[in-house]
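Counting from 1, one number per residue, gives the positions in the sequence shown under the UniProt record's numbering. Below is one structure, written out as structure tokens; comments come after it.
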Amino acid sequence: MTLLAFVPAKYREAVLFSILALCWGSSFVAIEVGLEYVPPLLFAGLRYALAGVIVLGYAYLVTDRIWPVGRGEWLAVGVAGVFVIALYHGLLYIGELYVSGAVAATVVSTAPILTVAFAGVLLPDERLSPVGVFGFVLGLIGVVLVVQPSPSALGDEVTVGAAIVFASAVAFALGGVLVRPIESNLPLESLQAWAMLLGAAVLLGWAVVRGESITAIEMTSTAILSYAYLTFVSGVFAFLLYFELLDRSGAIQVNLVGYAEPAVAIVVSWIVLGTVVDSLTVVGLVTILAGFIVIKRRTIRRLLREHWTPTPAAGAGSSLTTEIRARGRALTDGGTTESAASSPNDGDVESGTATPGTETDSENESELETASETDSPSTESNTGADPDSRV
């Protein structure tokens, strides 16, 4: 598939990246609008039920296999479906009952930083370095600036909503780390589809337990437009863009879309709803971004070096398995897929297997580094992008 074939080749990736950021960033606002008419878990579950069926049909057309085989592939589907789809989106949609889409997008942008922290704790070959800890703390400070909690307002709706959205980012990041060690050769499109369908089933079951009823849905034109936009534009269409960008640029570059999503959400929220965020929210977003830059400074420097070098980057055509692991962040809505887990020698973690005497700036720029990058939340996972792989 070649999208935007009419765009000159040298601008094509930038155009695709911008459209993807628009689709996933605006989805936070579409969720906020739709929640006026549809209970949150039903909203998310119905959205992913339809999107999963469509993506599965797409996978049938473009891949050689749609069925997971063996314990590893089913486990990958299970982790992605429960953590990256169900828990992430369920908590995100509930949280957006209390906070704006712009604030939610900003809080979710901590997912890549949280992924680094989880990787340092849970993966034996990775541990946080002092620089990684500093970047993680910067990200948390950014969240505090966005939420602006005070002792007298710890129980107010905004603080509670922001805490729930932050929990969604935690679920997304944890899922991205848990899926990384799992061996899976299932095509990414198939993995994405089954994770969506499993996540939808969990969300709909959760909705029943929570007491949500279909009779509470108000079938207004706004509700239908919101659902259609999230399913077809931020969902199916955005994932087609994501798959093409993944093939063109690799997971590292694509996952940077998660940091454009909050800015898009802020602008779209202002245009559509008239919501104006305060200056501290913007400062918080910049602080979160600074934390990510501190953690991923070597990867960013390498990407910039590759961008200005006329020869193609050596790792751009990595295997599908590598890309699947690299997406230990995905189904963004977005997300978000999705989440950016850092590589062992990227400055955010210390590798227990590093060879002494190797030059730090270039070490491990191989599949290990690519495979550990993730969304969306846009930080949308090996199941799709941002974070709206996350959203």
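Each residue gets a CB set at the ideal place from its N, CA and C atoms; glycine is no exception. Fair warning: this is a prediction, and the values are worked out from it, not measured in the lab.
Annotated as proximal: alanine 80 and valine 179, with beta-carbon spacing under 9 angstroms.
Between the alpha carbons of leucine 56 and tryptophan 194 lies a gap of roughly 7 angstroms. For the pair alanine 263 and alanine 207, the Cα-to-Cα distance works out to about 31 angstroms. The C-beta of proline 124 has fewer than 16 other C-beta atoms within 10 Å across all chains shown, which makes the residue exposed. In this chain, phenylalanine 232 is not harboured by any alpha helix (DSSP H), its DSSP state being neither H nor E.
The Cβ neighbour count for glutamate 218, taken over all protein chains shown within 10 Å, is under 16; the residue is labelled exposed. In terms of Cα proximity to valine 160, the closest of Thr110, Leu204 and Glu96 is Glu96. Nearest neighbour of leucine 145 by Cα position, chosen from Val103, Arg127, Ile113 and Leu114, turns out to be Val103.
Non-local C-beta neighbours of glycine 284 in its own chain, meaning closer than 6 angstroms and more than five positions away in sequence, comprise Gly142, Leu145 and Val146, ordered along the chain. Taking 9 angstroms as the cut-off, the Cβ atoms of leucine 91 and alanine 167 count as close. The C-beta of alanine 111 has 16 or more other C-beta atoms within 10 Å across all chains shown, which makes the residue buried.
Rounded to the nearest angstrom, the gap between the Cα atoms of tyrosine 227 and glycine 34 is 7 angstroms. Exclusion of the five residues before and after alanine 105 leaves Phe28, Glu261, Pro262 and Ala265 as the residues of its chain whose Cβ lies within less than 6 angstroms of its Cβ. Nearest Cα to leucine 246 within the set Val121, Pro187, Val158 and Tyr60: Pro187. Leucine 204 and valine 38 have their C-alpha atoms roughly 13 angstroms apart. With fewer than 16 neighbouring CB atoms inside 10 Å of its own CB, threonine 215 falls in the exposed class.
Below 8 angstroms, too few C-beta pairs join the segment 17-27 and the segment 59-70 to call them touching: fewer than three. The alpha-carbon of phenylalanine 134 is positioned some 14 angstroms away from that of threonine 115.
Leaving aside the five residues that flank leucine 122 on each side, the residues in its chain whose CB is nearer than 6 angstroms to its CB run, in chain order, Val177. In the structure shown, the three-state DSSP call for methionine 196 is helix. Taking isoleucine 295 as reference, the option from Ala171, Val137, Glu13 and Glu36 with the minimal CA-CA separation is Val137.
In the three-state reduction of the DSSP assignment, isoleucine 182 falls in the coil class.
For the 9 angstroms CB-CB criterion, serine 100 and threonine 275 form a contact. In the same chain as leucine 87, and ignoring 5 residues on each side of it, the C-beta atoms closer than 6 angstroms to its own belong to Ala171, in chain order. When the five nearest sequence neighbours on each side are left out, the beta carbons in the same chain lying within less than 6 angstroms of the beta carbon of glycine 235 are those of Ala51, in order along the chain.
Boundaries for glycine 258: no alpha helix (DSSP H) harbours it, and the DSSP string shows neither H nor E there. Cβ neighbours of leucine 174 within its own chain (closer than 7 angstroms, five residues either side excluded): Phe83 and Phe118. Less than 9 angstroms divides the Cβ of alanine 169 from the Cβ of valine 107.
Distance from the CA of valine 209 to the CA of arginine 12, rounded to the nearest whole angstrom, comes to 46 angstroms. Residue range 70-79 is occupied by the alpha helix (DSSP H) that includes glutamate 73. Listed in chain order, the non-local C-beta contacts of tyrosine 259 below 7 angstroms within the same chain comprise Ser109, Leu289 and Phe292, local neighbours out to five positions each way being set aside. One Cα belongs to tyrosine 93, the other to leucine 198, and the distance between them is close to 17 angstroms.
For tyrosine 37, the secondary structure class from DSSP, reduced to helix, strand or coil, is coil. A Cβ-Cβ contact shorter than 9 angstroms links glutamate 244 with leucine 16.
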